[in-house]
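Per the working numbering: the sequence shown = residues 210 to 489.
One structure is given here, and the rest of the page talks about it.
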Amino acid sequence: MESVEFLDRGADRVALHAYPADDAPTLAVLWPAMGVPARYYRHFAAALNATGVEVVVADLRGTGDSTPRPSRSSRYGLAELTTDVEAVLDVLKPRRAGRRTLLVGHSLGGQVCALHLAVRHAAGLDPGVDGLALLAVGLPYWRCYPGFTGPGTLAFTQAIAAASTVLGVWPGWGFGGRQSRPVIQGWAHTARTGRYPALDGVDVEASLAGVRLPVLAVDMEADQYTPAPTVDRLTAKLSAATVVREHYSAAEAGSPIDHFTWARHGTPLAARVAAWAATL
């Protein structure tokens, strides 16, 4: 049965949705895509539970049950989302004891997990977890998109960034949900340059190359936002990690899937993630 807890992060509260599994050897901490509430992953969490994995899904700041909603006064960006990963892992230490810990990320959630590991590496710390599963996670660099979709992606991402600058917040008009301006600015920077901005003075581009741990990276069939080349762009930055690169098809899912709907047809993928985690 799902339960919800809250973690205070200054003026913000991060909601944690827990899906217990008795005597599970693995705890997976799942971070959602931009604007996607934690409850959207209920089916996938239940599928992981069925394989013997306990799951905690964290709502990103301002999304789902995390409060408050982003406004013009919101100042958090990628750096703060990255520190939220560390804070959640810290508060889960009693639950993690004696278990392997797996970070699981979808889209933006996977990016902040990777950035968290880069920040730890820059500080001379070990990863602190046993593995990282990236599900539909890529760097949305416009040159990674085929044909005319590349320039279209550049125009789309930079228009959203410009709107967030003018309005002081991204209202979520048709994409990404309501977001703080700095989150949108950081995301748009990666789309424009193919690189992450420095986070609180940390050169995360350099640090990503030093992260050493097992990584599972899966692209999804018919993914309109994170096609396979964007996944490859991100995993190439994790040059010291042991990366297992896979694809999840509609045939395996038993239904058409895309950047979002794989999570509702993810039982076979959950079994794959659990089998990979068991090898760590």
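All C-beta atoms, glycine included, are put in the ideal place defined by N, C-alpha and C.
This one's a predicted model, so the numbers in the text were calculated from it and none came from an experiment.
(request) Report yes if the C-beta distance between Arg387 and Arg278 is below 8 Å; otherwise report no. (result) Within the sequence shown, numbered from 1, the residue matching residue 387 stands at position 178. Within the sequence shown, numbered from 1, the residue matching residue 278 stands at position 69. Taking 8 Å as the Cβ cut-off, Arg387 and Arg278 qualify as a contacting pair.
(message) Could you give the first and the last residue of the continuous alpha helix (DSSP H) run that contains His252?
(response) Position 43 of the sequence shown holds residue 252. From DSSP, the alpha helix (DSSP H) with His252 extends over 251-259.
(message) In the DSSP assignment, the beta strand (DSSP E) including Gly314 goes from what residue to what residue?
(response) Working through the sequence shown from its first residue, we reach residue 314 at position 105. Here the beta strand (DSSP E) through Gly314 covers 309-315.
(request) Assuming Met243 contacts Ala345 (C-beta within less than 8 Å), just tell me the rounded distance between them. (result) Against the sequence shown, residue 243 aligns to sequence position 34. Against the sequence shown, residue 345 aligns to sequence position 136. Between Ala345 and Met243 the Cβ distance is about 12 Å, and since that is not below 8 Å, they are no contact.
(request) Kindly list the residues whose CB is nearer than 8 Å to the CB of Leu422, restricted to its own chain and excluding five residues on each side of it in sequence; keep chain order. (result) If you number the sequence shown from 1, residue 422 lands on position 213. Cβ within range, chain order: Leu326, Pro336, Val338, Asp339, Gly340, Leu341, Ala450, Thr451.
(request) Report the partner residues of Thr276 according to the DSSP bridge assignment. (result) In the sequence shown, residue 276 corresponds to position 67, counting from 1. Answer by DSSP bridge pairing, in chain order: Arg222.
(message) So if DSSP puts Met429 in a beta bridge, which residue, or which two residues, is it bridged to?
(response) Counted from its first residue, the sequence shown places residue 429 at position 220. Per DSSP, Tyr457.
(request) Compute the Euclidean distance between the alpha carbons of Ala267 and Arg352, then round it to the nearest angstrom. (result) Along the sequence shown, read from residue 1 onward, the residue named residue 267 stands at position 58. Along the sequence shown, read from residue 1 onward, the residue named residue 352 stands at position 143. Roughly 31 Å separates the two Cα atoms.
(message) I'd like the ranges of any beta strand (DSSP E) spanning at least 3 consecutive residues and lying wholly in the stretch 389-456.
(response) Taken in chain order, the complete beta strand (DSSP E) segments of 3 residues or longer contained in the stretch 389-456 are 423-429.
(request) Write down the C-beta distance between Gln367 and Arg401 rounded to the nearest angstrom, noting that I regard them as a contact closer than 8 Å. (result) The count along the sequence shown starts at 1 and reaches residue 367 at position 158. The count along the sequence shown starts at 1 and reaches residue 401 at position 192. Taking C-beta atoms under 8 Å as the contact rule, Gln367 and Arg401 qualify, at a distance of about 6 Å.
(message) If you measure between the beta carbons of Arg329 and Leu236, is that distance less than 8 Å?
(response) Position 120 of the sequence shown, counted from the start, is the residue given in the question as residue 329. Position 27 of the sequence shown, counted from the start, is the residue given in the question as residue 236. Result no, Cβ atoms of Arg329 and Leu236 do not sit closer than 8 Å.
(message) Could you tell me the alpha carbon to alpha carbon distance between Thr292 and Thr444, rounded to whole angstroms?
(response) Translated into the one-based positions of the sequence shown, residue 292 becomes position 83. Translated into the one-based positions of the sequence shown, residue 444 becomes position 235. The alpha-carbon atoms of Thr292 and Thr444 are separated by roughly 21 Å.
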